[in-house]
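Colleague: Have a look at this one.
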Amino acid sequence: MNEDLSRLETASERESLRRVVIDPVSRVEGHGKVTLLLDEDDSVREARLHIVEFRGFEVFIQGRPYWEVPVMVQRLCGICPVSHHLAASKALDHVVGGVPLTASAEKLRRLMHYGQILQSHALHFFHLSSPDLLFGFESDVGRRNIVGVAEAHPEIARQGVLLRKFGQEVIRATAGKRIHGTGAVPGGMNRHLSVADHQLLKAEIAQVVEWSRAAVELVKRLHRADPLLYDEFACFDSGFMSIVRDDGAMDLYHGHLRFRDAEGRIIRDRVAEADYRSVICEQVKPWSYMKFPYLRELGPDAGWYKVGPLARVQNCDFIPTIFAEAERREFLAHGEGRPVQATLAYHWARMIEMLHAAEVIRELLDDPDLLAGERMSEGARGREGVGIIEAPRGTLIHHYQVDDDDLVSMCNLIVSTTHNNQAMNTAIRAVANRYLSGRKLTEGLLNHIEVAIRAFDPCLSCATHALGQMPLVLELESADGATLDRLVRD
Amino acid sequence: MSQLDKKPRLRVATTSLAGCFGCHMSFLDIDEHLFELARLVEFDRSPLTDIKECGPCDIGLIEGGVCNAENVHVLRAFRANCKTLVAVGACAINGGLPAQRNHLELEACLREVYEHREGMDAPGVPNDPELPLLLDKVHPIHEIVRVDYFIPGCPPSGETIWKFLSDLIAGRTPRLSHELLRFD
Ligand code: SF4
C-alpha cells in the first residue's frame, strides 16, 4: 500500500502537469503549503507538503551563553514553548552537573509539562480540528472554525476553551507567564508553586478531569458514528517512536527511546537520550525546509515512523493513571491485535493523553514538594547535553555543546513535527489518491488534505527552525518607495 | 448568527508572518471573552479559519516580522484590505528573536544546517521554486507598510489584547494602562 503512495512524491514530466496549491494550510500552527500536480485526466500525480519558512535558531543560538537558551528557544513556538523550555533545560542540566534534579524541581517541571500537554491537546482538538469532525470535511467554509462550533455546540466549545485555560494557568503558576515564561533553569527551577496558585488549581482539577473524560467520550462517539471514515481515512502503515519510562510506562517528561515496527513489534528499545544520533538519521529533500528523519538501521524507505499521541499510546506498555489506562485498553482493542494506524485515530489517542495529563496534574497537586524543598542541584561541570521530552506533538530532541567560556558551540534540534514529516506526506498522498484523483477539485475536497495534516497536529512554526535558501532576486521597497533590501542569487 | 444583532459585525483578519504563533496563542488567552468577541466581530482570513485570502476588513492583526517574499505579499494584502492595521508583539514591531539572524551570513548557515551536520543523509540546501524567496534580513512590518497601532510584548498578554480590541471595537481610542504594557 505504501509503495503505491511513494510514487506520488515526484511525478515524471512535471512541466506538463497542472499545479493546484493549498496555501496556507490553515487551522494548524505555522506556515506550510501543499502542492498537487494533476494530469489531463485530473489524476493526482504528485502531492507534497512543503515547509516554507525559514528561521535559523540552531545557528544563532550558537555563540550565546547557555543560561539564555531555555528562555530563547521558547520563541521557536508559541504553542508548545514549555516543551522547548524544558528540553533545553534538561539538556543543560548535564552541562551544570544538575542530574539528577531535586525532587521539588522535577515535580515542578512535570507539573508545567503536563499543563502544557493539556492546553495544547485541548487547543488542537477543540479550537483547530473539531470543526471538521463535528460539521464534516466539506461543510460551509465560513462556519468551519471555533466560532462556528461555539454557535452550534456551545457546551463543547465552552469546555474546550476552559480546558485550555486551565492548562495555561498551570503554566503561568509554574513559569510566571502563560507564554514564554522562565520557570526552569539549568539544574532546577527558579520558583515553587505559590500557595494561592496551588489553591486555585486544586479547586478546578476535579472538573478538568471530568471534562477530559467527556472529551474522550466525544471522540469515541464520532468514531462510532462513522467507523468506515475514521478507520480508513488517510490510513497507512508505519512504525512508531516515543520515549517510555524504564518500566515501559507512558512518561512524557523523561525516558528512553523505543521504536516499534508497523506490526507493533519492538525493534529498538532502551536507547539512552545521549545516543539518539546512533539510531536516527535525517534526510534532506530539496523541496522542503523540514528534514526527513528515519531509523538508521532500516534506512530512509522503511525506517520512517510516526510520533505523537497515536505512537505514544501504543508504544508504551501501560499508562500509569487509572482512567487513561482503561481508555488505552479500549483503544488497543479497537485494533484487534494490530496497531491502530488510522490517521483520524490520532484525535482519539490525543484525548486519552489529555485525560492522562489531567490525572497526573491531580496527583501532583497533592504533593507537598511543589510548595517547598530544595530547587537546585549542582555537580561536576560537563560540556555536552542531550534533552529529550515528549512534546504534545511528539518526541523533541535538544542537543548542545558548551565551551569553557559558557557559550554554546553547537546546537542541534530535532523537533516533533519533523519526525512526522514523511508520515504527513504519506497521509496527503493517501487522501489525494483516494478522494481527489479524477474529480473536479472543490474547496471541500481540498480540505480533506488539510484534515489529514491537522490530525498530526503539526507545528510548522517549530519545524522552521533551520535556515533556508534564496534562489531568486528580490527587491523590497519600503512604504515610501525606497529600496530596503535587495537580494540576488543564482 | 442572531437576527437581533442589528449592527453589522466588524470584520477581523489575523496572520502570522515570521513569528512563533505565541501572539495568536495569547489572543486565544482571552479565554471566555472569545465568545463575547464572536458576537461583535466575524473573522476573515486567519490561521483559525479556512479563509485563505484577506478580503475587506475593519481590523487586521499582524504577528511576526517579514522574512521572505511571501510575508511581503501577505502583509501588503492586509494593508490594502484592512482599515486599521495592528502590529502585535515584538516580532512585528522590531523583528523580535528571528531578527537575530540579521547578523549572520546566510549561505554559511544554510550549509551548516543542511550539509555539515552529523547524521545527515542526502545533504544539500533546499532550493525548490515552491519555497518562497528569503530576504537576507528580517524586517519589522512598519518598514514595509503603514501601521496604525503597536501592541508590545512577547507576547502581549491575553488581557492586553482584549482591552485593546474591546476599546477599538467600541469606537474608543485604545488605551493600555501601565500594567498591560509589557515588553517581555
Ligand atoms: S512577539 Fe514573541 S510571542 Fe509574538 S510571535 Fe514573536 S516570539 Fe512569538
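Chains as they are written, first to last, in this note's numbering: chain X, 1092 to 1581; chain G, 77 to 260.
We treat Cβ as the ideally placed atom computed from N, Cα and C, and that holds for glycine.
All of these numbers come straight from a predicted model, not from anything done at the bench.
Could you list the residues in the stretch 1404-1437 of chain X with a C-beta less than 7 angstroms from some C-beta on chain G, going in chain order?
Modeller: If the cut-off is 7 angstroms between Cβ atoms, the stretch 1404-1437 of chain X has nothing near chain G.
Colleague: Just checking, does the stretch 1537-1551 of chain X make contact with the stretch 1122-1136 of chain X on the three C-beta pairs under 8 angstroms criterion?
Modeller: Contact holds: three or more Cβ-Cβ distances are below 8 angstroms.
Colleague: If we count the other Cβ atoms within 10 Å of its Cβ and call it buried at 16 or more, is Leu1558/X buried or exposed?
Modeller: Per-residue confidence for Leu1558/X stands at a pLDDT of 39, beneath the threshold of 50, marking its modelled position as unreliable; the derived number appears in the next sentence. The residue is buried, with at least 16 neighbouring Cβ atoms inside 10 Å.
Colleague: According to DSSP, simplified to helix, strand and coil, what is Phe1327/X?
Modeller: Of the three classes helix, strand and coil, the one that applies to Phe1327/X here is coil, per DSSP.
Colleague: With a cut-off of 8 angstroms, does the C-beta of Asp1167/X fall near any C-beta of chain G?
Modeller: The sequence as given places Leu at residue 1167/X; Asp does not occur at that position. Answer yes: the Cβ-Cβ gap between Leu1167/X and chain G drops below 8 angstroms somewhere.
Colleague: Does any heavy atom of the ligand SF4 sit closer than 7 angstroms to the C-beta of Ala1213/X?
Modeller: Answer for Ala1213/X: no, Cβ out of range of the ligand SF4.
Colleague: Give me, in chain order, the residues of the same chain whose beta-carbon lies closer than 8 angstroms to that of Val1162/X; leave out the 5 immediate sequence neighbours on both sides.
Modeller: His1176, His1271, Thr1273, listed in sequence order.
Colleague: I'd like to know whether the C-beta atoms of Gly195/G and Cys1372/X end up nearer to each other than 8 angstroms.
Modeller: In this structure, Cys1372/X lies closer than 8 angstroms to Gly195/G by Cβ.
Colleague: Along chain G, which residues have their Cβ under 9 angstroms away from the Cβ of Ser1117/X?
Modeller: Those within 9 angstroms of Ser1117/X in chain G are Arg121, Ser122, Pro123, Leu124, Thr125, Asp126, Ile127, Lys128.
Colleague: State the DSSP-derived secondary structure class of Gln1153/X, mapped to helix, strand or coil.
Modeller: Three-state DSSP puts Gln1153/X in coil, outside helix and strand.
Colleague: Beta carbon of Ile1270/X: closer than 7 angstroms to some heavy atom of the ligand SF4?
Modeller: Yes, Cβ of Ile1270/X sits closer than 7 angstroms to a heavy atom of the ligand SF4.
Colleague: Determine, using beta carbons only, whether Gly136/G comes closer than 8 angstroms to chain X.
Modeller: No, Gly136/G does not count as interfacial toward chain X.
Colleague: Buried or exposed: which applies to Leu257/G, given that a residue is buried once 16 or more other Cβ atoms fall within 10 Å of its Cβ?
Modeller: Its Cβ having fewer than 16 others within 10 Å, Leu257/G is exposed.
Colleague: With Gln1492/X as the anchor, note down where its beta strand (DSSP E) starts and where it stops.
Modeller: Looking at the DSSP string, the run of the beta strand (DSSP E) that includes Gln1492/X is 1485-1493.
Colleague: Which ranges does the beta strand (DSSP E) cover as unbroken runs of at least 3 residues, wholly within the stretch 116-155 of chain G, from first to last along the chain?
Modeller: Fully enclosed beta strand (DSSP E) runs of 3 or longer: 117-119, 133-139, 142-144.
Colleague: Alpha carbon to alpha carbon, what distance is there between Ile1262/X and Leu1462/X?
Modeller: Approximately 15 angstroms, taken between the alpha carbons.
Colleague: Determine the DSSP secondary structure at His1271/X, reduced to helix, strand or coil.
Modeller: If DSSP states are grouped into helix, strand and coil, His1271/X belongs with coil.
Colleague: Taking 7 angstroms as the cut-off, does the CB of Gly172/G come closer than this to any heavy atom belonging to the ligand SF4?
Modeller: At least one heavy atom of the ligand SF4 is nearer than 7 angstroms to the Cβ of Gly172/G, so yes.
Colleague: Shortest alpha-carbon distance to Val1187/X belongs to which of Ala1471/X, Glu1481/X, Ile1413/X?
Modeller: Comparing Cα-Cα distances from Val1187/X to each of Ala1471/X, Glu1481/X, Ile1413/X, the minimum goes to Ala1471/X.
Colleague: Can you tell me whether DSSP reads Lys1293/X as helix, strand or coil?
Modeller: If DSSP states are grouped into helix, strand and coil, Lys1293/X belongs with the helices.
Colleague: Can the beta-carbon of Cys133/G be found less than 8 angstroms from the beta-carbon of Ala163/G?
Modeller: Their beta carbons are not under 8 angstroms apart, which means Cys133/G does not touch Ala163/G by this criterion.
Colleague: Please return the same chain residues whose Cβ sits closer than 6 angstroms to the Cβ of Lys213/G, not counting the five positions on each side in sequence.
Modeller: The answer, listed in chain order, is Asn178.
Colleague: Anything in chain G within Cβ reach of Leu1259/X, meaning under 7 angstroms, just list it in chain order.
Modeller: First, the amino acid is wrong: residue 1259/X is Gln here, not Leu. Under the 7 angstroms cutoff, chain G gives Asp105.
Colleague: List, in order along the chain, the chain G residues whose C-beta lies closer than 8 angstroms to that of Tyr1380/X?
Modeller: Within 8 angstroms Cβ-Cβ: Pro202, Leu207.
Colleague: Count the other C-beta atoms from every protein chain shown that fall within 10 angstroms of the C-beta of Val1513/X, then say buried if there are 16 or more, exposed otherwise.
Modeller: Per the sequence shown, the amino acid found at residue 1513/X is Gln instead of Val. Per the 10 Å Cβ criterion, buried.
Colleague: In chain order, what residues of the stretch 150-169 of chain G put their CB closer than 7 angstroms to some CB of chain X?
Modeller: Hits within the stretch: zero.
Colleague: When burial is assigned at 16 or more other CB atoms within 10 Å of the CB, is Asp1392/X buried or exposed?
Modeller: When all chains shown are included, Asp1392/X counts as exposed.
Colleague: Which value, in whole angstroms, describes the spacing of the CA atoms of Gly1355/X and Gly1426/X?
Modeller: Cα to Cα, the separation comes out at about 11 angstroms.
Colleague: Confirm the yes/no value for this check: CB of Cys1171/X, any heavy atom of the ligand FAD, distance under 7 angstroms.
Modeller: The ligand FAD is not part of this structure, which contains only the ligand SF4.
Colleague: Listed from N- to C-terminal order along the chain, which residues in the stretch 215-231 of chain G have their beta-carbon within a distance smaller than 7 angstroms of any beta-carbon of chain X?
Modeller: Those residues of the stretch 215-231 of chain G that come within reach of chain X (Cβ to Cβ, closer than 7 angstroms) are His215, Glu219, Ile220, Val221, Arg222, Cys230, Pro231.
Colleague: Assign Ile1043/X to buried or exposed, taking buried as 16 or more other Cβ atoms, counted over all protein chains shown, within 10 Å of its Cβ.
Modeller: Coverage of chain X is limited to positions 1092 through 1581, which leaves residue 1043/X absent and any answer about it impossible.
Colleague: Would Ala1243/X be called buried (16 or more neighbouring beta carbons within 10 Å of its own) or exposed?
Modeller: Answer is exposed; the Cβ neighbour count stays below 16.
Colleague: For Cys96/G, verify whether its CB is less than 7 angstroms away from any heavy atom of the ligand SF4.
Modeller: Indeed, a heavy atom of the ligand SF4 lies less than 7 angstroms from the Cβ.
Colleague: Alpha carbon to alpha carbon, how far is Pro1411/X from Ile1519/X? Give it in angstroms, no decimals.
Modeller: Whole-angstrom Cα-Cα distance: 34 angstroms.
Colleague: Within the present structure, is the beta-carbon of Arg1387/X separated from the nearest heavy atom of the ligand SF4 by less than 7 angstroms?
Modeller: Outside the cutoff, so no.
Colleague: Beta-carbon of Cys99/G versus every beta-carbon of chain B: anything under 8 angstroms?
Modeller: In the structure shown, chain B cannot be found, because the protein chains are X and G.
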